[in-house]
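*Asks:*
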Amino acid sequence: MSVESCKEFLHATETRADLAQQLKATTGIREVIALAGRHGFAFGPEDLLKGSASYTPTRAPKPEPPAPSESSGFYHHEFELSELPGFEVVAEELDQLKVQPPSVDLARFDEDFREEDLRSTSMSPAAPEFRDWYEQMMRTHWRNPVRPDAPRRDFHLVNLDEHIDHPGYPRYFEAKSRVIGALEELFGSDVRFSGSMWYPPSSYRLWHTNETQPGWRMYVVDLDEPFDDPAHTSFFRYMNPDTEEIVTLRERPRIVRFFKVEQEADKLFWHCIVNPTKRHRWSFGFAVPENWAERIERVR
Ligand SMILES: [Fe+2]
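First residue of the sequence shown: 62, per our numbering; consecutive thereafter.
In structure tokens, the structure reads:
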């Protein structure tokens with residue numbers, strides 16, 4: 062276990078195409094350490110922090126990202142997975158990605174459901190009562206004061222990439238790597254996984270802005286089965302930063318959604334995700350380049 066081994070791993074991710082691609086399929090410290098371990102590099106979380114802080118990449122730094130574009134007044138784009146050219150591999154691999162790690166205890170998960178938190182997704186982030194509630198939650202760091210060891214209340218969902226020890230993980234990770242390979246063909250080398258989430262029945266991600274990670278996001282969303290009632294589905298909800306209008310995007314199997322996360326105070330993209338149904342929902346998030354739409358058009 063060493064910082065040196067971590068730096069050797071970081072260097073290897075620059076010189077080896079296979080590792081570079083697999084690194085883009087990871088989204089958290091645990092996955093990075095596990096990936097390195099499978100390739101003979103042994104280090105722990107502390108080493109990773111120190112190693113990445115002191116490592117100097119040998120490649121030339123990336124060019125500055127383009128200046129932020131003017132607001133188009135349109136904040137989301139949604140497609141059927143089957144209608145997007147270049148997404149054939151994503152469609153093929155989706156069933157391998159939709160795992161339910163046995164390390165997740167769904168009975169315990171259900172105990173952390175809070176009606177009050179679910180109700181907050183019906184408020185507008187612009188409403189004074191929401192602001193009061195939000196500030197109060199921030200003060201308690203989104204913890205339940207009565208059960209401080211319980212998970213954060215704003216993420217009532219399962220981050221699949223935190224479950225790396227179950228027997229299905231290697232297959233799942235290989236599928237993620239193949240998906241990155243296919244999406245690189247379409248979007249170029251800047252595409253990477255940003256988060257792989259399982260939303261079991263009655264789950265939610267409360268209102269947030271992701272303002273610390275600006276840029277375009279793409280989410281591939283799927284379900285275990287279609288919804289019976291089109292009025293009772295999982296949904297993605299956001300507030301239009303220009304008009305404060307609340308937009309609710311009802312979901313169905315196999316859709317691909319794009320939206321842009323902004324950092325400036327007057328453009329913050331408030332959004333939440335809710336699965337108030339008995340279905341299981343998965344969403345696979347990616348950071349995609351600014352010109353994603355052009356890239357899709359080019360192969361159409
Ligand atoms: Fe988000």
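For every residue, glycine included, the Cβ atom is placed at its ideal position computed from N, Cα and C.
1. Using CA atoms only, rank isn't needed, just tell me which of Glu190, Glu139, Leu109, His227 is closest to phenylalanine 296.
2. Go ahead and label alanine 103 buried or exposed: buried means 16 or more other beta carbons lie within 10 angstroms of its beta carbon, across all protein chains shown.
3. Please confirm whether any heavy atom of ligand 1 lies closer than 7 Å to the CB of alanine 332.
4. How many Å lie between glutamine 83 and leucine 218 at the Cα?
5. Rounded to whole angstroms, what's the CA-CA distance from glutamine 197 to glutamate 306? Just pull it up for me.
6. Quick one: does the C-beta of histidine 269 sit closer than 7 Å to a heavy atom of ligand 1?
7. Give the C-beta separation of leucine 179 and proline 287 to the nearest angstrom, bearing in mind that I take them to be a contact with Cβ-Cβ under 8 Å.
8. Which runs of the beta strand (DSSP E) fall wholly inside the stretch 128-167 and span at least 3 residues, in chain order?
9. Going by beta-carbon coordinates alone, are phenylalanine 191 and methionine 199 separated by less than 8 Å?
10. Which partner residues of arginine 91 appear in the DSSP bridge assignment?
11. Helix, strand or coil, according to DSSP, for aspartate 283 in the structure here?
12. Taking only runs that begin and end inside the stretch 292-329, name each unbroken alpha helix (DSSP H) of 4 or more residues, in chain order.
13. Output yes or no for whether 8 Å exceeds the beta carbon distance between phenylalanine 347 and phenylalanine 254.
14. Give the straight-line distance between the Cα atoms of threonine 304 and alanine 168, rounded to the nearest whole angstrom.
15. I need the straight-line Cα distance from arginine 318 to methionine 279, nearest angstrom please.
16. Between which two residues does the beta strand (DSSP E) holding valine 252 run?
*Replies:* Inspection of the coordinates gives the following:
1. What you label residue 296 is simply residue 235 of the sequence shown in a count that begins at 1. Phenylalanine 296 has its Cα closest to that of Glu139, out of Glu190, Glu139, Leu109, His227.
2. Walking along the sequence shown from the start, residue 103 turns up at place 42. Counting C-beta atoms within 10 angstroms of its own C-beta, alanine 103 has fewer than 16 neighbours from the protein chains shown and is therefore classed as exposed.
3. By 1-based counting over the sequence shown, the position of residue 332 is 271. Before going on, a small fix: residue 332 reads as histidine here, not alanine. Answer for histidine 332: yes, Cβ within range of ligand 1.
4. Working through the sequence shown from its first residue, we reach residue 83 at position 22. Working through the sequence shown from its first residue, we reach residue 218 at position 157. Annotation: glutamine 83 to leucine 218 spans about 24 Å, alpha carbon to alpha carbon.
5. Within the sequence shown, the letter at position 136 stands for residue 197. Within the sequence shown, the letter at position 245 stands for residue 306. Rounded to the nearest angstrom, the two C-alpha atoms are 24 Å apart.
6. The residue labelled residue 269 in the question sits at position 208 within the sequence shown. Checking every heavy atom of ligand 1 against the Cβ of histidine 269, one is found closer than 7 Å.
7. Your numbering for residue 179 matches position 118 in the sequence shown. Your numbering for residue 287 matches position 226 in the sequence shown. About 23 Å separates the two Cβ atoms, so there is no contact after all.
8. Qualifying beta strand (DSSP E) stretches, in chain order: 137-141.
9. Residue mapping note: residue 191 aligns to position 130 of the sequence shown, counting from 1. Residue mapping note: residue 199 aligns to position 138 of the sequence shown, counting from 1. Not in contact: phenylalanine 191 and methionine 199 (Cβ atoms no closer than 8 Å).
10. Residue mapping note: residue 91 aligns to position 30 of the sequence shown, counting from 1. Arginine 91 is bridged by DSSP to nothing; it lacks a bridge partner.
11. Counted from its first residue, the sequence shown places residue 283 at position 222. Here aspartate 283 sits in strand by DSSP.
12. Counting whole runs of 4 or more residues, the stretch 292-329 contains no alpha helix (DSSP H) stretch at all.
13. Position 286 of the sequence shown holds residue 347. Position 193 of the sequence shown holds residue 254. Yes.
14. By 1-based counting over the sequence shown, the position of residue 304 is 243. By 1-based counting over the sequence shown, the position of residue 168 is 107. Taking the Cα positions, threonine 304 is about 41 Å away from alanine 168.
15. Walking along the sequence shown from the start, residue 318 turns up at place 257. Walking along the sequence shown from the start, residue 279 turns up at place 218. Straight across, the Cα-Cα distance linking arginine 318 with methionine 279 is about 6 Å.
16. As a working note, residue 252 is residue 191 in the sequence shown. It is not in any beta strand (DSSP E) - valine 252 carries neither H nor E in the DSSP assignment.
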